[in-house]
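Comments concern the structure below.
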Amino acid sequence: MRYTLLYIIPLFLLLSCSGKTEQEERYAEIVSQWQGREIKLPAVMTDFLTGDTINLDDADFTILTYVDSAGCTGCKMKLPLWDEFIESIDSIQNAYAKVIFIVNSNDEDEVAHTLIKHNYNHPVYYDKENRIYDSNQFSESKMLQTMLLDKEKKVVAIGNPIFSAKIAELYNSLLSGNISYSTSIKSSVSVDQNRYAFSGLVDGETKSHEFKVFNHSNDTIYIHDIISSCECTVASADSECIPPESGIPVSVSVTGSSDRKPIESIVNIYFEEFKYPIVLEISGIYN
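In the numbering used here, the protein residues as written are -17 to 269.
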(Lines of atoms letter the chains of each structure in order from A and count residues from 1; the text may use other names and numbers.)
(Lines give C-alpha, C1' and ligand atoms only; values in the text may rest on other atoms or scores of the structure.)
Protein backbone atom coordinates (compact mmCIF):
# COMPACT_ATOMS: atom_id res chain seq x y z
CA MET A 1 0.00 0.00 0.00
CA ARG A 2 2.52 2.60 -1.15
CA TYR A 3 -0.04 5.43 -1.05
CA THR A 4 0.00 5.19 2.73
CA LEU A 5 3.70 5.98 2.83
CA LEU A 6 3.17 9.23 0.95
CA TYR A 7 0.98 10.59 3.72
CA ILE A 8 2.35 9.02 6.86
CA ILE A 9 6.03 9.95 6.58
CA PRO A 10 7.32 12.09 9.46
CA LEU A 11 6.26 15.63 8.83
CA PHE A 12 9.66 17.19 8.21
CA LEU A 13 9.67 15.35 4.88
CA LEU A 14 6.72 17.45 3.71
CA LEU A 15 9.28 20.15 3.07
CA SER A 16 10.52 18.26 0.03
CA CYS A 17 7.06 18.07 -1.56
CA SER A 18 6.29 20.31 -4.51
CA GLY A 19 3.13 22.13 -5.44
CA LYS A 20 2.16 23.16 -1.93
CA THR A 21 -0.12 26.10 -1.25
CA GLU A 22 1.19 29.12 0.67
CA GLN A 23 -0.58 27.87 3.80
CA GLU A 24 0.95 24.39 3.41
CA GLU A 25 4.40 25.91 2.92
CA ARG A 26 4.01 27.92 6.12
CA TYR A 27 2.84 24.80 7.93
CA ALA A 28 5.85 22.84 6.67
CA GLU A 29 8.15 25.65 7.80
CA ILE A 30 6.69 25.53 11.33
CA VAL A 31 6.98 21.74 11.43
CA SER A 32 10.63 21.96 10.39
CA GLN A 33 11.33 24.38 13.23
CA TRP A 34 9.80 22.01 15.80
CA GLN A 35 11.26 18.72 14.57
CA GLY A 36 13.73 17.38 17.15
CA ARG A 37 13.12 20.22 19.63
CA GLU A 38 13.09 19.18 23.29
CA ILE A 39 9.92 20.17 25.14
CA LYS A 40 10.60 21.67 28.55
CA LEU A 41 8.33 20.30 31.28
CA PRO A 42 8.33 20.81 35.06
CA ALA A 43 10.37 18.32 37.06
CA VAL A 44 7.22 17.39 38.97
CA MET A 45 3.68 17.47 37.58
CA THR A 46 0.52 16.31 39.33
CA ASP A 47 -2.77 15.22 37.85
CA PHE A 48 -5.47 17.90 38.11
CA LEU A 49 -8.19 15.64 39.50
CA THR A 50 -6.35 12.98 41.51
CA GLY A 51 -3.27 14.89 42.66
CA ASP A 52 -1.13 11.90 41.70
CA THR A 53 2.34 12.51 40.33
CA ILE A 54 2.39 12.28 36.53
CA ASN A 55 5.21 9.96 35.46
CA LEU A 56 6.11 10.09 31.78
CA ASP A 57 9.52 8.44 32.15
CA ASP A 58 8.14 4.92 31.76
CA ALA A 59 6.62 5.72 28.36
CA ASP A 60 8.39 5.16 25.03
CA PHE A 61 6.42 8.07 23.58
CA THR A 62 4.32 10.92 24.94
CA ILE A 63 1.51 12.63 23.06
CA LEU A 64 1.24 16.13 24.51
CA THR A 65 -1.66 18.50 23.86
CA TYR A 66 -1.74 22.11 25.00
CA VAL A 67 -5.13 23.74 25.60
CA ASP A 68 -5.19 27.52 26.12
CA SER A 69 -7.65 29.63 28.10
CA ALA A 70 -9.47 31.22 25.16
CA GLY A 71 -13.10 30.17 24.65
CA CYS A 72 -14.73 26.96 25.83
CA THR A 73 -12.05 24.69 27.31
CA GLY A 74 -14.31 21.64 27.38
CA CYS A 75 -15.28 22.12 23.74
CA LYS A 76 -11.65 22.29 22.65
CA MET A 77 -10.54 19.22 24.59
CA LYS A 78 -12.87 16.83 22.68
CA LEU A 79 -12.37 14.12 25.30
CA PRO A 80 -14.65 11.43 23.77
CA LEU A 81 -12.58 11.52 20.59
CA TRP A 82 -9.36 11.33 22.60
CA ASP A 83 -10.68 8.30 24.48
CA GLU A 84 -11.27 6.55 21.14
CA PHE A 85 -7.78 7.45 19.89
CA ILE A 86 -6.10 6.37 23.14
CA GLU A 87 -7.92 3.05 22.96
CA SER A 88 -6.54 2.54 19.45
CA ILE A 89 -2.92 3.18 20.47
CA ASP A 90 -3.25 1.11 23.66
CA SER A 91 -3.61 -1.94 21.41
CA ILE A 92 -0.15 -1.35 19.91
CA GLN A 93 2.27 -3.83 21.46
CA ASN A 94 5.59 -2.49 20.20
CA ALA A 95 5.61 0.81 22.10
CA TYR A 96 3.97 2.28 25.16
CA ALA A 97 2.61 5.80 24.73
CA LYS A 98 1.03 8.16 27.25
CA VAL A 99 -1.27 11.06 26.45
CA ILE A 100 -1.14 14.21 28.57
CA PHE A 101 -3.16 17.42 28.42
CA ILE A 102 -1.53 20.68 29.50
CA VAL A 103 -4.46 22.96 30.30
CA ASN A 104 -4.28 26.69 30.90
CA SER A 105 -7.67 27.97 31.98
CA ASN A 106 -9.16 30.65 34.21
CA ASP A 107 -12.02 28.36 35.18
CA GLU A 108 -10.93 25.35 37.25
CA ASP A 109 -14.54 24.31 37.79
CA GLU A 110 -15.16 24.05 34.04
CA VAL A 111 -12.09 21.88 33.58
CA ALA A 112 -13.08 19.61 36.48
CA HIS A 113 -16.67 19.37 35.26
CA THR A 114 -15.50 18.42 31.76
CA LEU A 115 -13.17 15.68 33.00
CA ILE A 116 -15.75 14.22 35.38
CA LYS A 117 -18.58 14.43 32.84
CA HIS A 118 -16.62 12.39 30.31
CA ASN A 119 -15.02 10.10 32.92
CA TYR A 120 -11.62 10.98 31.48
CA ASN A 121 -8.87 9.21 33.48
CA HIS A 122 -5.68 10.08 31.63
CA PRO A 123 -3.13 12.65 32.87
CA VAL A 124 -4.19 16.31 32.85
CA TYR A 125 -1.84 18.98 34.17
CA TYR A 126 -3.50 22.27 35.12
CA ASP A 127 -1.01 25.01 34.30
CA LYS A 128 -2.74 28.06 35.75
CA GLU A 129 0.32 30.30 35.33
CA ASN A 130 0.86 29.10 31.74
CA ARG A 131 4.51 28.41 32.49
CA ILE A 132 4.84 25.47 30.09
CA TYR A 133 3.62 27.64 27.23
CA ASP A 134 6.05 30.40 28.25
CA SER A 135 8.93 27.89 28.32
CA ASN A 136 8.14 26.36 24.93
CA GLN A 137 6.19 29.03 23.01
CA PHE A 138 3.78 26.64 21.32
CA SER A 139 2.22 27.62 18.01
CA GLU A 140 -0.99 29.64 18.04
CA SER A 141 -2.49 27.10 15.62
CA LYS A 142 -4.69 24.53 17.40
CA MET A 143 -3.52 21.90 14.91
CA LEU A 144 0.10 22.45 15.95
CA GLN A 145 -0.49 22.41 19.71
CA THR A 146 -0.34 18.61 19.81
CA MET A 147 2.91 16.72 19.32
CA LEU A 148 4.39 13.25 19.57
CA LEU A 149 7.50 13.19 21.80
CA ASP A 150 10.12 10.49 22.15
CA LYS A 151 11.55 9.25 25.45
CA GLU A 152 13.82 12.31 25.70
CA LYS A 153 10.76 14.56 25.18
CA LYS A 154 11.95 15.60 21.72
CA VAL A 155 9.39 16.30 19.01
CA VAL A 156 9.05 13.43 16.54
CA ALA A 157 5.88 14.61 14.80
CA ILE A 158 3.44 17.44 15.27
CA GLY A 159 -0.29 17.69 14.60
CA ASN A 160 -3.58 16.81 16.29
CA PRO A 161 -4.74 13.24 15.54
CA ILE A 162 -8.30 14.16 16.57
CA PHE A 163 -8.55 16.77 13.80
CA SER A 164 -6.77 14.78 11.09
CA ALA A 165 -7.02 11.10 10.11
CA LYS A 166 -3.64 11.39 8.38
CA ILE A 167 -1.99 12.57 11.60
CA ALA A 168 -3.67 9.76 13.55
CA GLU A 169 -2.34 7.26 11.04
CA LEU A 170 1.12 8.84 11.26
CA TYR A 171 1.19 8.50 15.05
CA ASN A 172 -0.03 4.90 14.87
CA SER A 173 2.61 4.02 12.29
CA LEU A 174 5.42 5.55 14.35
CA LEU A 175 4.25 3.78 17.51
CA SER A 176 3.78 0.40 15.82
CA GLY A 177 7.22 0.41 14.19
CA ASN A 178 5.90 0.66 10.65
CA ILE A 179 7.98 3.82 10.33
CA SER A 180 11.33 4.67 11.89
CA TYR A 181 13.00 8.06 11.84
CA SER A 182 16.10 10.05 12.68
CA THR A 183 15.66 13.62 13.89
CA SER A 184 19.43 14.18 13.70
CA ILE A 185 19.76 13.49 9.96
CA LYS A 186 16.15 14.39 9.06
CA SER A 187 15.43 11.01 7.49
CA SER A 188 12.85 8.27 7.73
CA VAL A 189 12.30 4.71 6.59
CA SER A 190 9.12 2.67 6.36
CA VAL A 191 8.05 -0.84 5.46
CA ASP A 192 5.26 -1.84 3.06
CA GLN A 193 3.68 -3.95 5.82
CA ASN A 194 4.91 -4.76 9.30
CA ARG A 195 3.13 -8.03 10.05
CA TYR A 196 2.79 -11.31 8.22
CA ALA A 197 1.16 -14.64 9.08
CA PHE A 198 2.54 -17.88 7.64
CA SER A 199 -0.03 -20.63 7.24
CA GLY A 200 0.26 -24.33 6.49
CA LEU A 201 3.62 -24.83 8.21
CA VAL A 202 5.11 -28.34 7.99
CA ASP A 203 7.76 -29.92 10.25
CA GLY A 204 11.25 -29.22 8.89
CA GLU A 205 10.08 -27.12 5.94
CA THR A 206 11.00 -23.46 5.48
CA LYS A 207 8.71 -20.73 4.20
CA SER A 208 9.74 -17.20 3.30
CA HIS A 209 8.12 -13.82 2.82
CA GLU A 210 9.64 -10.67 1.40
CA PHE A 211 9.08 -7.24 2.95
CA LYS A 212 10.24 -4.02 1.34
CA VAL A 213 11.90 -1.25 3.32
CA PHE A 214 11.79 2.26 1.82
CA ASN A 215 14.20 5.16 2.32
CA HIS A 216 12.28 8.47 2.06
CA SER A 217 15.30 10.76 2.32
CA ASN A 218 17.86 12.18 -0.11
CA ASP A 219 20.73 10.33 1.58
CA THR A 220 21.76 6.69 1.75
CA ILE A 221 20.60 4.94 4.91
CA TYR A 222 22.48 1.97 6.33
CA ILE A 223 21.09 -1.08 8.09
CA HIS A 224 23.01 -1.60 11.31
CA ASP A 225 21.57 -4.94 12.39
CA ILE A 226 18.60 -7.29 12.00
CA ILE A 227 17.61 -9.23 15.12
CA SER A 228 14.91 -11.86 15.50
CA SER A 229 13.28 -12.68 18.83
CA CYS A 230 13.47 -16.45 18.27
CA GLU A 231 15.61 -19.01 16.44
CA CYS A 232 12.68 -20.20 14.33
CA THR A 233 12.71 -16.90 12.41
CA VAL A 234 15.61 -15.80 10.20
CA ALA A 235 15.71 -12.39 8.49
CA SER A 236 18.20 -10.92 6.02
CA ALA A 237 18.49 -7.98 3.64
CA ASP A 238 19.92 -8.03 0.12
CA SER A 239 22.09 -5.04 1.03
CA GLU A 240 23.08 -3.02 4.06
CA CYS A 241 22.62 0.18 2.04
CA ILE A 242 19.26 1.69 1.09
CA PRO A 243 19.77 4.28 -1.69
CA PRO A 244 17.93 7.63 -1.54
CA GLU A 245 14.23 7.47 -2.41
CA SER A 246 14.50 3.71 -2.96
CA GLY A 247 13.60 0.44 -1.32
CA ILE A 248 15.30 -2.90 -0.71
CA PRO A 249 13.80 -6.33 0.05
CA VAL A 250 14.13 -7.92 3.48
CA SER A 251 13.44 -11.64 3.51
CA VAL A 252 11.98 -13.36 6.58
CA SER A 253 11.94 -17.16 6.80
CA VAL A 254 10.39 -19.53 9.32
CA THR A 255 11.05 -23.24 9.68
CA GLY A 256 8.50 -25.66 11.06
CA SER A 257 9.55 -27.62 14.14
CA SER A 258 8.50 -30.98 15.54
CA ASP A 259 6.74 -29.47 18.58
CA ARG A 260 4.31 -27.75 16.16
CA LYS A 261 3.83 -24.77 18.47
CA PRO A 262 2.40 -21.66 16.78
CA ILE A 263 5.09 -19.16 15.89
CA GLU A 264 4.98 -15.67 17.37
CA SER A 265 8.14 -13.66 16.83
CA ILE A 266 9.42 -10.13 16.31
CA VAL A 267 12.07 -9.00 13.84
CA ASN A 268 13.77 -5.66 14.59
CA ILE A 269 15.59 -3.87 11.76
CA TYR A 270 18.05 -1.30 13.14
CA PHE A 271 19.53 1.60 11.16
CA GLU A 272 22.59 3.74 11.75
CA GLU A 273 21.75 7.06 13.46
CA PHE A 274 18.14 5.95 14.06
CA LYS A 275 16.81 5.61 17.59
CA TYR A 276 14.04 3.07 16.94
CA PRO A 277 13.95 0.01 14.67
CA ILE A 278 11.42 -1.01 12.09
CA VAL A 279 9.41 -3.77 13.78
CA LEU A 280 8.06 -6.81 11.90
CA GLU A 281 5.52 -9.04 13.61
CA ILE A 282 5.70 -12.64 12.42
CA SER A 283 3.27 -15.45 13.17
CA GLY A 284 2.73 -18.95 11.84
CA ILE A 285 0.40 -21.92 12.23
CA TYR A 286 0.67 -25.56 11.16
CA ASN A 287 -1.54 -27.66 8.93
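No residue lacks a Cβ here, since even glycine has one placed at the ideal position from N, Cα and C.
Val249 versus Ile209 - alpha carbon distance
Rounded to the nearest angstrom, the two C-alpha atoms are 6 Å apart.
Bridge partners for Asn250 per DSSP, in chain order?
For Asn250, which the question treats as bridged, DSSP gives the partners Ile209, Val261.
heavy atom of the ligand GTP below 7 Å from Leu130 C-beta
Among the components of this structure there are no ligands whatsoever, and the ligand GTP is therefore not found.
Using only the alpha-carbon positions, how far apart do Ser146 and Ser235 sit?
Using only the alpha carbons, I get a separation of about 37 Å.
Please state whether DSSP places Val13 in a helix, a strand or coil.
If DSSP states are grouped into helix, strand and coil, Val13 belongs with the helices.
Cutting at 7 Å between CB atoms, please list the residues of its own chain near Asn160, excluding the five before and the five after it.
Ser172, Val173, Asn176, listed in sequence order.
Once DSSP output is grouped into helix, strand and coil, what is the label at Asp185?
DSSP places Asp185 in strand when its eight states are reduced to three.
Considering only the alpha carbon of each residue, which of Gly238, Ser51, Lys80, Glu11 lies closest to Thr44?
Per the Cα distances, Lys80.
Can you give me the Cβ contacts of Leu287 inside the same chain, cut-off strictly under 6 Å, excluding the 5 residues immediately before and after it?
The structure shown does not extend to residue 287, since the chain spans only -17 to 269, so no value can be given for it.
Using the Cα positions of Met125 and Thr47, report the straight-line distance between them to the nearest angstrom.
Rounded to the nearest whole angstrom, the CA to CA distance from Met125 to Thr47 is 10 Å.
Pick out the complete alpha helix (DSSP H) segments inside the segment 118 to 168, 4 residues or longer, and give them in chain order.
As summarised for the segment 118 to 168, the continuous alpha helix (DSSP H) elements at least 4 residues long and confined to that stretch are 147 to 158, given in chain order.
To the nearest angstrom, how far is it from the Cα of Gly287 to the Cα of Gly18?
The chain is shown only over -17 to 269; residue 287 falls outside these bounds and no answer can be derived.
Among Asp65, Gly141, Val195, Ser170, which residue has its Cα nearest to the Cα of Tyr102?
Of Asp65, Gly141, Val195, Ser170, the residue nearest in Cα terms is Asp65.
Taking the beta carbon of Thr188 as the centre, do at least 16 other beta carbons fall within 10 Å, making it buried, or is it exposed?
The residue is exposed, with fewer than 16 neighbouring Cβ atoms inside 10 Å.
Output the residue ranges of the beta strand (DSSP E) runs that lie fully inside the segment 31 to 61 and measure 3 residues or longer, sorted by chain position.
If you keep only unbroken beta strand (DSSP E) runs of at least 3 residues inside the segment 31 to 61, you get 43 to 49.
As a quick exercise: from Gln15, Val85, Ser162, Gly141, pick the residue whose alpha carbon is nearest that of Gly53.
For the residues Gln15, Val85, Ser162, Gly141, the minimum Cα distance to Gly53 belongs to Val85.
Between Glu90, Glu11, His104, Asp207, which lies nearest to Glu270 when the distance is taken from Cα to Cα?
This structure cannot speak to residue 270, because the chain is shown only from -17 to 269.
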